[in-house]
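S.K.: This is the structure I want to talk about, given as structure tokens.
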Amino acid sequence: MQNGTIKVESELGKGSVFIVEIPYDIADVKTIHRVSDSGLIDLNSNFKAIKILLVEDNLMNQRVIGLFLSEWGIDYDIADNGGIAIQLLASNSYDLVLMDIQMPEMDGYTSTAYIREEMKLQIPIIAMTAHAMAGEREKALSHGMNEYISKPIREADLFLLISRFVPLFSRKKSNTTLTEPKIENHNPTDTGEILIDYNFLMESSKGKKDYLKSMLELFLQQSAKEMQSIQQAMHNNDFDAVAKTAHALKSTVGYVGLEKSIRPILDEIENQAKENPDPDSLNMLIAKLKALMKQAILKIETEAMPLVN
């Protein structure tokens, strides 16, 4: 993250503390915004009674972000697309919107334009996308959003962003008890091409064994459906659907620690399907993706699942 580091310190029964270090050049004093006293982020802080609208169609994103918000004492509603989000905003009061960019029916950019221009709402809107390309933040800001965060969402990044727009109520510790699966010392670096990032699994699940198990099970279900969808879209030469499904798969693999192993080929498929859709080349890439996903599923079933059962 911005050439910096994030370090986690967890203590059973007390919670987790993340230490974020980000290098910056010396800036004019007018441009400096105070984030914290020492760079120490207490993720057990409680927000005041606020409500957030989570606009997201991916079930894995909904679960992970919902877990974070619940742990911070934040009430939230979920909208599966921009149209539903607009309906909820018309009849409810929210303090902030977490807005996915790529959704069916009405995407994040179109939704934000309607919220700003037709509804005249100045509610803070944070864009969420699996795109990690240069210029994505600027594009989000130019469409009326207030900030941008890339998927898979990391807890410390989201915490800092929400803190910029919503004041913290207190620094009191929550009563959350973490049940840590014994995976922190598991080292899969010598097990082949597909590697599971177990540190990220611990972070995204907040050490909750049952929750992590449900996420792994959801991955097995959702990845199978999305692989079937991308192959069917390719069979139909529906390159737009190929690109959208590849984009959705980024979150699916990201939240189970497979981003580094699988994301590069998903980026390649999505970009080629959008910019230069060559059927032969795409078929080769999807065949490679299919082989990688087969390895990944086997690894989840044989390595990760036994650790949480």
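For the sequence shown, my numbering gives the first residue as 1, with consecutive numbering after it.
Virtual Cβ for every residue (Gly too), placed ideally from N, Cα, C.
Taking just the CA atoms, how far does asparagine 283 sit from isoleucine 123?
M.R.: Mapped onto the sequence shown, residue 123 falls at position 123. Mapped onto the sequence shown, residue 283 falls at position 283. Their Cα atoms are separated by approximately 43 Å.
S.K.: Taking 9 Å as the threshold (C-beta atoms), are leucine 89 and glutamate 56 in contact?
M.R.: Mapped onto the sequence shown, residue 56 falls at position 56. Mapped onto the sequence shown, residue 89 falls at position 89. Against a cut-off of 9 Å, the Cβ pair of leucine 89 and glutamate 56 comes out as no contact.
S.K.: Below 8 Å on the Cβ atoms is my contact criterion, and I expect leucine 258 with isoleucine 269 to pass it. Report the Cβ-Cβ distance as a whole number of Å.
M.R.: Indexing the sequence shown from 1 puts residue 258 at position 258. Indexing the sequence shown from 1 puts residue 269 at position 269. Wrong, their Cβ atoms sit about 15 Å apart, outside the cutoff.
S.K.: Any idea which residues DSSP pairs glutamate 117 with across the strands?
M.R.: Counted from its first residue, the sequence shown places residue 117 at position 117. Note: glutamate 117 sits in no beta bridge, so no partner.
S.K.: Considering only residues of the same chain and omitting the five flanking positions on each side of tyrosine 109, which have a CB-CB separation below 7 Å?
M.R.: Here the question's residue 109 lines up with position 109 in the sequence shown. Contacts found: Ile101, His143.
S.K.: If you draw a straight line from the alpha carbon of alanine 296 to that of lysine 290, how long is it in whole angstroms?
M.R.: Position 296 of the sequence shown, counted from the start, is the residue given in the question as residue 296. Position 290 of the sequence shown, counted from the start, is the residue given in the question as residue 290. Going by the C-alpha atoms only, they are around 10 Å apart.
S.K.: Report the option in Leu121, Asp278, Ser281 whose CA atom is closest to the CA atom of tyrosine 94.
M.R.: Counting from one through the sequence shown, the residue named residue 94 turns up at place 94. Among Leu121, Asp278, Ser281, the Cα nearest to that of tyrosine 94 is on Leu121.
S.K.: Which complete alpha helix (DSSP H) runs does the region 38-106 hold, if anything under 4 residues is left out?
M.R.: Listed in chain order, they are 59-71, 82-91.
S.K.: Per DSSP, what are the beta-bridge partners of threonine 129 in this structure?
M.R.: Indexing the sequence shown from 1 puts residue 129 at position 129. Paired residues: Ser150.
S.K.: Hey, quick one: how far does the alpha helix (DSSP H) through aspartate 280 stretch, first residue to last?
M.R.: Within the sequence shown, numbered from 1, the residue matching residue 280 stands at position 280. Note, aspartate 280: alpha helix (DSSP H), 279-299.
S.K.: For aspartate 80 and serine 91, what's the separation of their Cα atoms in angstroms?
M.R.: By 1-based counting over the sequence shown, the position of residue 80 is 80. By 1-based counting over the sequence shown, the position of residue 91 is 91. Near 17 Å, if we compare the C-alpha coordinates of serine 91 and aspartate 80.
S.K.: Closest to leucine 216 by CA distance: which of Pro279, Gln87, Met119, Lys299 is it?
M.R.: On the sequence shown, residue 216 is found 216 positions in, with the first residue counted as 1. Looking at the Cα atoms, Lys299 is the closest of the given residues.
S.K.: In this structure, how does DSSP classify leucine 258 when only helix, strand and coil are distinguished?
M.R.: Residue 258 sits at position 258 when you count from the first residue of the sequence shown. Leucine 258 falls in the coil class under three-state DSSP.
S.K.: Start and end of the alpha helix (DSSP H) containing glutamate 155?
M.R.: For this step, residue 155 is matched to residue 155 along the sequence shown. That run of the alpha helix (DSSP H) goes 155-165.
S.K.: Between Leu158, Ala156, Ile194, Met128, which has its C-alpha nearest methionine 145's C-alpha?
M.R.: Here residue 145 corresponds to residue number 145 of the sequence shown, with the count starting at 1. Selected option, being the one with the closest Cα: Met128.
S.K.: Over the uninterrupted alpha helix (DSSP H) stretch that includes methionine 145, give me the two end residues.
M.R.: Looking up residue 145 in the sequence shown gives position 145. Run containing methionine 145: none; DSSP gives neither H nor E here.
S.K.: Leaving out the 5 sequence neighbours to the left and right, which residues in its chain are closer than 8 Å to leucine 66 when beta-carbon positions are compared?
M.R.: Within the sequence shown, the letter at position 66 stands for residue 66. Here the sequence assigns glycine to residue 66, which means leucine is not the residue at that position. Leu54, Tyr76, Ile78.
S.K.: With DSSP collapsed to three states, give me the class of glycine 108.
M.R.: Position 108 of the sequence shown holds residue 108. Helix.
S.K.: When we look at the beta-carbon of glutamate 203 and count the other beta-carbons within 10 Å, is it buried (16 or more) or exposed?
M.R.: Stepping through the sequence shown from its first residue, residue 203 is reached at position 203. Flag for glutamate 203 reads buried.
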